[in-house]
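Asker: Questions regarding the structure given below will be posed in turn.
There are 2 protein chains.
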Amino acid sequence: MTRDNDPDRSVSQTVRALLSLRDLILSGALAPGERISELSMVERTGASRTPVRMALVRLEEEGLIEPIPSGGFSVKAFTEADIFDAIEVRGAMEGLVARAAAQRGVSDAALADIRDCLAEIDVLIDAMESSLEHFSDYVRLNARFHAALHELSGSPVMIRQAERAGALPFASPSGFVMAQSALPQARTILIVAQDQHRCVVEAIANREGERADAIMREHARLARRNLQLALENQTTLDLVAGSALIRRAR
Amino acid sequence: MTRDNDPDRSVSQTVRALLSLRDLILSGALAPGERISELSMVERTGASRTPVRMALVRLEEEGLIEPIPSGGFSVKAFTEADIFDAIEVRGAMEGLVARAAAQRGVSDAALADIRDCLAEIDVLIDAMESSLEHFSDYVRLNARFHAALHELSGSPVMIRQAERAGALPFASPSGFVMAQSALPQARTILIVAQDQHRCVVEAIANREGERADAIMREHARLARRNLQLALENQTTLDLVAGSALIRRAR
DNA sequence: CGATGGTTTTTTGTATACAGAACCATATCG
DNA sequence: CGATATGGTTCTGTATACAAAAAACCATCG
Chain R
100 MTRDNDPDRS
110 VSQTVRALLS
120 LRDLILSGAL
130 APGERISELS
140 MVERTGASRT
150 PVRMALVRLE
160 EEGLIEPIPS
170 GGFSVKAFTE
180 ADIFDAIEVR
190 GAMEGLVARA
200 AAQRGVSDAA
210 LADIRDCLAE
220 IDVLIDAMES
230 SLEHFSDYVR
240 LNARFHAALH
250 ELSGSPVMIR
260 QAERAGALPF
270 ASPSGFVMAQ
280 SALPQARTIL
290 IVAQDQHRCV
300 VEAIANREGE
310 RADAIMREHA
320 RLARRNLQLA
330 LENQTTLDLV
340 AGSALIRRAR
Chain D
100 MTRDNDPDRS
110 VSQTVRALLS
120 LRDLILSGAL
130 APGERISELS
140 MVERTGASRT
150 PVRMALVRLE
160 EEGLIEPIPS
170 GGFSVKAFTE
180 ADIFDAIEVR
190 GAMEGLVARA
200 AAQRGVSDAA
210 LADIRDCLAE
220 IDVLIDAMES
230 SLEHFSDYVR
240 LNARFHAALH
250 ELSGSPVMIR
260 QAERAGALPF
270 ASPSGFVMAQ
280 SALPQARTIL
290 IVAQDQHRCV
300 VEAIANREGE
310 RADAIMREHA
320 RLARRNLQLA
330 LENQTTLDLV
340 AGSALIRRAR
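Going down the list, the sequences are from chains R and D.
Quick note on this note's numbering: the first sequence kicks off at 100 and runs consecutively.
Quick note on this note's numbering: the second sequence kicks off at 100 and runs consecutively.
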């Protein structure tokens, strides 16, 4: 109401503040360890203190910020080890959802849906043969596949937990973007990942819970190795979101 | 400030409101599905609307309440299946932390600490031979053991996730209380669980990650079977916290 | 020149006021 | 008699005011 610099008036202030703050943290505009003053966030988000405060509580619960004993919050600093651990957690959770889906069985419709998703990813990987132009589309689709996989478990509790497991940046196998120069490696990684995607879906279709679990854990290990490679050799792979979070650790 | 019905003045209003609300939900004073009006919570907790609102946001993030599309929150209703799933999730997470602890190795001091914890539980189980008087102590100690196990992983990310996995009521193997009449079965359960506790600690000490993982998963399966038994035959075992949450499902 | 104490300023925690939306009940019209 | 409009009531979402605590700053003293 002070100024009408509203980018979108249809969304509630609370949601706007949450998205703004999360973006500020993930983009690195707020340095790890930096104290978050409510007032400055009011200035940056345009919302009042109340929505900002609610967003801060949510972000604390999400794990992106942590409370300061004397009051207020600071941006949480993640180490490389934290990221690796998050990937492992995600692997364990996705192994569990895959196993559960296989054991309980899934509807043909759901199976068809997720296979469609796989097919779309195939198309995208083909399109990326010459350029990485559509990489962000791939990231989106990949996230959709994983969400669909969670859904196959049919368990709200597991879905919720699996989603939270990926809350940390880089927890997804595709949570980094590749430089043009790394095209061959990039495609190889994507193709292997896609193969695992396909395998897990078939394992679920065949009711092989143990195998589905194993595949998703292996999938996470692949992601871990790739991230490690990316960190050791950042000329070929360049980290995208939240690079500031990890900056402090190197 | 309206009335000084403050039970404890040393704690902040926010924390008081959070604890009050959580207790109201877990105790069943608020029925599953029931809408939570901020105003009534203000009356019940003695805090103002702002702390109540913050507590509500936290509880939503915890998963105990869910937002109503038209605004506000309602108490989440859990089914028996949800509880079983939560136990499985916890099993997966504790398997992971045990595996991680084994792979990374733990300090002798930490190992001694958790072994002390085991010894204390042994004493308590012995004391329960004739009566279940100290059962609540056992529940507390068991929680401490599991927390200590999480700590062994040495990973803040894993610890955090493991703790959240147990957020749902009953997710712990000892999340139910036993009636006096069930003393023999109760002790058997506790003894088997304690055996698994001991085995996982030894597996970690011997750096057997795979085995430590398997044991904790089996531990969860035991908890699941016991809960199932308790639900089928509630004359022998009686559910404690959050019985209202599950009431709707039966 | 450094340390210490007091003062000022900022910041958080809390309460409350206000506006708009949703809900409910009633009354009116078909 | 039923459906719909309408008015009032209650609720949430948001902004803001106020007080206590913390932090920062400055001045004074050793």
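Note that the Cβ used here is the ideal one computed from N, Cα and C, for glycine as well.
This one's a predicted model, so the numbers in the text were calculated from it and none came from an experiment.
1. Classify D/L120 as buried or exposed, calling it buried when 16 or more other Cβ atoms lie within 10 Å of its own Cβ.
2. Looking at the structure shown, is D/I314 part of a helix, part of a strand, or coil, going by DSSP?
3. Can we say the stretch 235-245 of chain R touches the stretch 206-224 of chain R, given the rule of at least three CB pairs closer than 8 angstroms?
4. Could you check the C-alpha separation between R/A226 and R/R239 for me, to the nearest Å?
5. Report yes or no: do three or more beta-carbon pairs, one from the stretch 181-190 of chain R and one from the stretch 250-259 of chain D, lie closer than 8 angstroms?
6. Which residue marks the beginning of the beta strand (DSSP E) containing D/I164, and which one marks its end?
7. Rounded to the nearest angstrom, what separates R/G127 and R/V114 at their Cα positions?
8. Report the rounded CA-to-CA distance for R/A260 versus D/I164, giving the unit in angstroms.
9. In the DSSP assignment, what residue or residues form a beta bridge with D/R134?
10. Determine which residues of the stretch 181-208 of chain D have a Cβ less than 8 angstroms from any Cβ of chain R, and write them out in chain order.
11. To which residues of the same chain is R/R306 closer than 8 angstroms at the C-beta, ignoring the five residues directly before and after it?
12. Distance check for R/S206 and R/S173, CA to CA, integer angstroms please.
13. Is R/D181 buried or exposed, if buried means 16 or more other CB atoms sit within 10 Å of its CB?
14. Give me the chain R residues within the contact set of D/L260, using Cβ-Cβ distance strictly less than 7 angstroms, ordered along the chain.
15. Is R/L129 helix, strand or coil by DSSP?
16. Between the stretch 155-174 of chain R and chain D, which residues of the former have a C-beta closer than 8 angstroms to a C-beta of the latter?
17. Shorter than 8 angstroms from the beta carbon of R/A116 to some beta carbon of chain D?
18. With 16 as the cutoff for other CB atoms within 10 Å, does R/D258 come out buried or exposed?
19. Please state the DSSP three-state secondary structure of D/R352.
20. How would you call R/A208, buried or exposed, if buried means at least 16 neighbouring beta carbons within 10 angstroms?
21. Compile a chain-ordered list of the residues in the stretch 139-154 of chain R whose CB is closer than 8 angstroms to at least one CB of chain D.
22. Suppose you measure from the CA of R/E262 to the CA of R/L117; what does that come to, to the nearest Å?
23. Please report the straight-line C-alpha distance between D/M140 and R/V151, rounded to a whole angstrom.
24. At 8 angstroms on the CB atoms, spell out the chain D contacts of R/D257, in chain order.
25. In chain order, what residues of the same chain have a beta carbon less than 7 angstroms from the beta carbon of R/A146, not counting five sequence neighbours either side?
26. Helix or strand or just coil, what does DSSP make of D/T149?
27. May I ask you to report which of helix, strand or coil DSSP gives R/G308?
28. Taking a cut of 7 angstroms between CB atoms, which residues from the stretch 229-254 of chain R lie near chain D?
29. Compare the Cα-Cα distances from D/E250 to each of D/V300, D/R320 and D/D294 and report the closest residue.
30. Just to confirm before moving on: does the CB-CB distance between D/I303 and D/A197 stay below 8 angstroms?
31. Quick check for students: name the residue ranges of the alpha helix (DSSP H) that lie wholly in the stretch 191-231 of chain D, counting only runs of 4 or more.
32. Residues in its own chain within less than 8 angstroms of D/H233 by CB, not counting five upstream and five downstream?
33. Should R/I135 be counted as a contact of the ligand FAD given a C-beta to heavy atom distance under 7 angstroms?
34. Beta-carbon separation of R/D312 and R/G194 under 8 angstroms?
35. If you measure from the beta carbon of R/F269 to each beta carbon in chain D, is any gap under 8 angstroms?
Answerer: A quick look at the data gives this:
1. Under a 10 Å Cβ-count criterion, D/L120 is classified as buried, with 16 or more other Cβ atoms of the shown protein chains found around its own Cβ.
2. The three-state secondary structure of D/I314, taken from DSSP, is helix.
3. Between the stretch 235-245 of chain R and the stretch 206-224 of chain R there are three or more C-beta pairs closer than 8 angstroms, enough to call the two in contact.
4. Computed Cα separation, rounded: 15 angstroms.
5. Contact between the stretch 181-190 of chain R and the stretch 250-259 of chain D is present, because at least three Cβ pairs lie under 8 angstroms.
6. Counting along the chain, the beta strand (DSSP E) containing D/I164 begins and ends at I164 to P166.
7. Annotation: R/G127 to R/V114 spans about 20 angstroms, alpha carbon to alpha carbon.
8. Here residue 260 of chain R is Gln; the residue named in the question, Ala, does not match the sequence. Cα-Cα distance, rounded: 15 angstroms.
9. Among the bridge pairs identified by DSSP, D/R134 is matched with D/S173.
10. Residues D181, D184, A185, E187, V188, A191, M192, G194, L195 and A199.
11. So the list reads A201, Q202 and G204, once near-sequence residues are dropped.
12. Between R/S173 and R/S206, the C-alpha separation is close to 45 angstroms.
13. Buried, because 16 or more other Cβ atoms sit within 10 Å of the Cβ of R/D181.
14. Reading off the sequence shown, one finds Gln at residue 260 of chain D, where the question assumed Leu. What D/Q260 touches in chain R: V188 and A264.
15. Of the three classes helix, strand and coil, the one that applies to R/L129 here is coil, per DSSP.
16. Residues of the stretch 155-174 of chain R whose Cβ lies closer than 8 angstroms to any Cβ of chain D, in chain order: V156, R157, E160, E161 and G162.
17. With 8 angstroms as the cut-off, R/A116 does not count as an interface residue toward chain D.
18. The residue asked about is misnamed: residue 258 of chain R is Ile in this sequence, not Asp. The residue in question, R/I258, is buried, as its Cβ has 16 or more Cβ neighbours within 10 Å.
19. One cannot answer for residue 352 of chain D here, as it falls past the ends of chain D, which runs 100 to 349.
20. Its Cβ having fewer than 16 others within 10 Å, R/A208 is exposed.
21. So the close ones are T149, R152 and M153.
22. Roughly 18 angstroms separates the two Cα atoms.
23. Computed Cα separation, rounded: 22 angstroms.
24. Note on residue identity: the sequence assigns Met, not Asp, to residue 257 of chain R. In chain order: D184, E187 and V188.
25. For R/A146, where only same-chain residues beyond five positions count, the Cβ hits under 7 angstroms are Q112, R115 and A116.
26. Residue state, collapsed to three classes: helix.
27. Collapsing the DSSP output to three states places R/G308 in a helix.
28. If the cut-off is 7 angstroms between Cβ atoms, the stretch 229-254 of chain R has S254 near chain D.
29. With distances taken between Cα atoms, D/E250 lies closest to D/V300.
30. Against a cut-off of 8 angstroms, the Cβ pair of D/A197 and D/I303 comes out as a contact.
31. Those alpha helix (DSSP H) runs which fall completely within the stretch 191-231 of chain D and span 4+ residues are 207-226.
32. Closer than 8 angstroms at the Cβ level, and outside the excluded window around D/H233, lie L223, A226 and M227.
33. Of the ligands one can find in the structure shown there are none, so the ligand FAD has no counterpart to examine.
34. Going by C-beta atoms, R/D312 is nearer than 8 angstroms to R/G194.
35. Confidence at R/F269 is low in this model, with a pLDDT of 48, below 50, so the placement of that residue is unreliable and no value is reported for it.
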